[in-house]
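Chains as they are written, first to last, in this note's numbering: chain A, 1 to 298; chain B, 1 to 404. Each residue gets a CB set at the ideal place from its N, CA and C atoms; glycine is no exception. Here the structure is a predicted model, which means the values were calculated and not measured. Please read the structure below before turning to the comments.
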């Protein structure tokens, strides 16, 4: 059974349809990317999953059951709009919020010490939240999200205020969580993070799913049927190549419909060319995102 | 552990550690103790006159030698003023007085002391008066008569109604002092406690903590935990006052005396005080929660909260009218109106007998408003707590409530 099963949900505010006929499923042991432009309906979808707001129609199953107060303890949620009690000490904030997830004080403090140590935040344990930098506070929020060992972790823009070192640290923790069998939903605008971490994705635009599935398959689907070549000397005319585009350091060759990349490589080698780089051109997720979001915007 | 209880405990402990809360709670008992202390210092009265005190006197009449003690005070006779002065300077006596030959006709006594004082203490005045009267009457009348002459007058006043029947509520305007002070403190406690609800929810909204909390608890658990936790802190404050006010009154009446000794507080006053605090607090707390839900910042919320908290305060502005006409239909109507009921009923209880039907109606209406407010605030919290930015207008709020 998938960890999350969203079936045809819809939600409108005033006269605006925020989410429309949206379905998705997230498995355990996977990182699922939820992407889309601003105002696409990502946060509304997550809030419906968390039972913070109710869908107008459709159904949501979380960890094999309809979300209840008891099952909220199995969820970890790092919202995009997040904060902490500014006057409270770091350790007190963590313990209080962990207690609301069903942890007793002693085990919360032990786990907090371990996570604070792992993230290099142990010296800040007894500082007030207001004394922390934005990035440090974000690490504390991340610790609060995972301290109770949730089965489903939802992270909404988790890397926004972090420096590269802490970004890598949190990414490695997220990958560890996935490897431990947790289901992780990652909502972000940072496409490179999605490409790097996610197994499957859902792209929402105007409340509707516009792309959904395995990331590799989606990228293959949007392959432009061209190859990238970095060769020494003039490439000249290559049979089966309908168009050539010069870029700095490489040439992009657009193939006609009857030629495969392998055939082009063989022709270049047989022509005596020295090839430094040859690869099938696949668009980045960012390019796919811009193309799909742009199409829907028109 | 129950999540509502966890929120309750968190809010209760956070509130009772606030400096403002501690100051407000202890202000009344501490200020009253300071006032009693200042009175003692100013009047020169030792707080516990348990030690034997020697007071000298020069008897120029010649009859004041039969009774020479009054309680803890020994009266030491001196033949001359010079001898008495020397004894005073040698600290053999604490003071002395001269009874002149014409004392019986003039009642004048000359008193001499070495330390400045505001006025002679009542115990000294009483002791000297009883010393003179006891000696003047000794052997002429029975000891019972002397005891009666020395004793204070026990004047028992009964208020009659316009029909000549004994009024159900006895006592003068002095009885209003404690209910008046209590009502003022009740208003402050209601305002502070409900402001804490507003601040607490407002800060969580402003600090973007709300969504994290709502991913762990329901809006109902959050609201119940907060309202009860902050209300328990307010109740603790009221209980401190309820316990300290009678004790302070007892202390003040036994030491300062005067009209304070005659104050009578209805037996049910404190019980109603706690009931009206609970109901009044719940009403203002759920209103504050509603306001916090629809406003973006704590400051904006406090501006709106000022409007309904005024409705609790205004009876205090018309105290003079309330003292004259405590049973006017206007006061009866506003005793039932839920926003003014807590303070107004408590003030009227100190002045007059409030009929049972008025008390019952007032409490039922308050309870109904609390229940309605609770349902309203839970819906508003769910609908608007995660909406930041522009405050919705009334039409949008009504529409939001329908779809919540």
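If the criterion is Cβ atoms closer than 8 angstroms, does the pair residue i and residue j meet it?
{"i": "residue 198 of chain A", "j": "residue 186 of chain A", "result": "yes"}
{"i": "residue 194 of chain B", "j": "residue 288 of chain B", "result": "yes"}
{"i": "residue 74 of chain A", "j": "residue 151 of chain A", "result": "yes"}
{"i": "residue 208 of chain B", "j": "residue 83 of chain A", "result": "yes"}
{"i": "residue 199 of chain B", "j": "residue 291 of chain B", "result": "no"}
{"i": "residue 80 of chain A", "j": "residue 15 of chain A", "result": "no"}
{"i": "residue 201 of chain B", "j": "residue 52 of chain A", "result": "no"}
{"i": "residue 230 of chain A", "j": "residue 242 of chain A", "result": "no"}
{"i": "residue 258 of chain A", "j": "residue 272 of chain A", "result": "no"}
{"i": "residue 274 of chain A", "j": "residue 234 of chain A", "result": "no"}
{"i": "residue 93 of chain B", "j": "residue 54 of chain B", "result": "yes"}
{"i": "residue 9 of chain A", "j": "residue 68 of chain A", "result": "no"}
{"i": "residue 363 of chain B", "j": "residue 275 of chain B", "result": "yes"}
{"i": "residue 133 of chain B", "j": "residue 107 of chain B", "result": "no"}
{"i": "residue 345 of chain B", "j": "residue 272 of chain B", "result": "yes"}
{"i": "residue 238 of chain A", "j": "residue 277 of chain A", "result": "no"}
{"i": "residue 186 of chain B", "j": "residue 392 of chain B", "result": "no"}
{"i": "residue 225 of chain B", "j": "residue 8 of chain B", "result": "yes"}
{"i": "residue 58 of chain B", "j": "residue 27 of chain B", "result": "no"}
{"i": "residue 144 of chain A", "j": "residue 62 of chain A", "result": "no"}
{"i": "residue 283 of chain B", "j": "residue 192 of chain B", "result": "no"}
Within the 8 angstroms Cβ cut-off, does residue i reach chain A?
{"i": "residue 226 of chain B", "result": "no"}
{"i": "residue 300 of chain B", "result": "no"}
{"i": "residue 297 of chain B", "result": "no"}
{"i": "residue 121 of chain B", "result": "no"}
{"i": "residue 3 of chain B", "result": "yes"}
{"i": "residue 47 of chain B", "result": "Interpretation of residue 47 of chain B is limited by its pLDDT of 48, a score under 50 that renders its predicted location unreliable; the figure taken from the coordinates is listed afterwards. Not closer than 8 angstroms to any Cβ of chain A, the Cβ of residue 47 of chain B fails to qualify, so no."}
By the criterion of Cβ-Cβ separation under 8 angstroms, what are the contact partners of residue i in chain A?
{"i": "residue 207 of chain B", "result": "83, 84, 85, 86"}
{"i": "residue 10 of chain B", "result": "96"}
Could you tell me whether the Cβ of residue i comes closer than 8 angstroms to any Cβ of chain C?
{"i": "residue 215 of chain B", "result": "In the structure shown, chain C does not exist; the protein chains are A and B."}
Give a yes or no on whether 8 angstroms exceeds the smallest Cβ distance from residue i to chain B.
{"i": "residue 159 of chain A", "result": "no"}
{"i": "residue 72 of chain A", "result": "yes"}
{"i": "residue 196 of chain A", "result": "no"}
{"i": "residue 279 of chain A", "result": "no"}
{"i": "residue 75 of chain A", "result": "yes"}
{"i": "residue 9 of chain A", "result": "no"}
Can you name the residues of chain B whose CB is closer than 7 angstroms to the CB of residue i?
{"i": "residue 79 of chain A", "result": "211, 212"}
{"i": "residue 302 of chain A", "result": "Beyond the ends of chain A as shown, which are 1 and 298, falls residue 302 of chain A; an answer cannot be given."}
{"i": "residue 69 of chain A", "result": "218"}
Note down, in chain order, every chain A residue with its Cβ under 7 angstroms from the Cβ of residue i.
{"i": "residue 6 of chain B", "result": "99, 100"}
What are the partner residues of residue i, as DSSP defines its beta bridges?
{"i": "residue 187 of chain A", "result": "A:34, A:156"}
{"i": "residue 119 of chain A", "result": "In the DSSP output, where bridge partners are listed per residue, residue 119 of chain A has none listed."}
{"i": "residue 209 of chain A", "result": "A:204"}
{"i": "residue 4 of chain A", "result": "A:26, A:62"}
{"i": "residue 57 of chain A", "result": "A:10"}
{"i": "residue 231 of chain A", "result": "A:275"}
{"i": "residue 56 of chain B", "result": "B:76, B:96"}
The ligand HEM and residue i: does the residue's C-beta get closer than 7 angstroms to at least one heavy atom of that ligand?
{"i": "residue 328 of chain B", "result": "Here there are no bound small molecules, and the ligand HEM is not part of this structure."}
*Inter-stretch contact at 8 angstroms, needing at least 3 Cβ pairs: the segment 83-94 of chain A / the segment 157-172 of chain A*: Touching, no, given that fewer than three Cβ pairs across the two stretches are closer than 8 angstroms.
_Does the segment 31-38 of chain A come into contact with the segment 200-217 of chain A, if we say contact requires no fewer than three beta-carbon pairs (one atom in each stretch) closer than 8 angstroms?_
At 8 angstroms Cβ cutoff, the stretches touch.
*Are the segment 4-23 of chain B and the segment 229-247 of chain B touching by the rule of at least three beta carbon pairs closer than 8 angstroms?*
Cβ pair count under 8 angstroms is three or more, so yes.
_Across the segment 329-345 of chain B and the segment 237-255 of chain B, are there enough close Cβ pairs to call them in contact, namely three or more that are closer than 8 angstroms?_
By the C-beta criterion, the segment 329-345 of chain B is judged not to be in contact with the segment 237-255 of chain B, since fewer than 3 inter-stretch pairs fall below 8 angstroms.
*For the 8 angstroms Cβ check, are there 3 or more pairs between the segment 117-134 of chain A and the segment 95-106 of chain A?*
Contact annotation: the segment 117-134 of chain A does not touch the segment 95-106 of chain A, with fewer than three C-beta pairs closer than 8 angstroms.
*Stretch-stretch touch, CB-based, cutoff 8 angstroms, three pairs: the segment 131-138 of chain A with the segment 103-113 of chain A*: Per the Cβ contact rule, the segment 131-138 of chain A is not in contact with the segment 103-113 of chain A (fewer than 3 Cβ pairs under 8 angstroms).
*Would you check if there are 3 or more beta carbon pairs closer than 8 angstroms linking the segment 335-342 of chain B to the segment 296-312 of chain B?*
Contact holds: three or more Cβ-Cβ distances are below 8 angstroms.
*Touch check for the segment 212-225 of chain A and the segment 280-292 of chain A: three-plus C-beta pairs under 8 angstroms?*
Judged by Cβ distances under 8 angstroms, the segment 212-225 of chain A makes contact with the segment 280-292 of chain A, as three or more pairs qualify.
_Contact between the segment 127-147 of chain B and the segment 81-96 of chain B is defined here as three or more beta-carbon pairs at a separation below 8 angstroms; is this criterion met?_
Touching, no.
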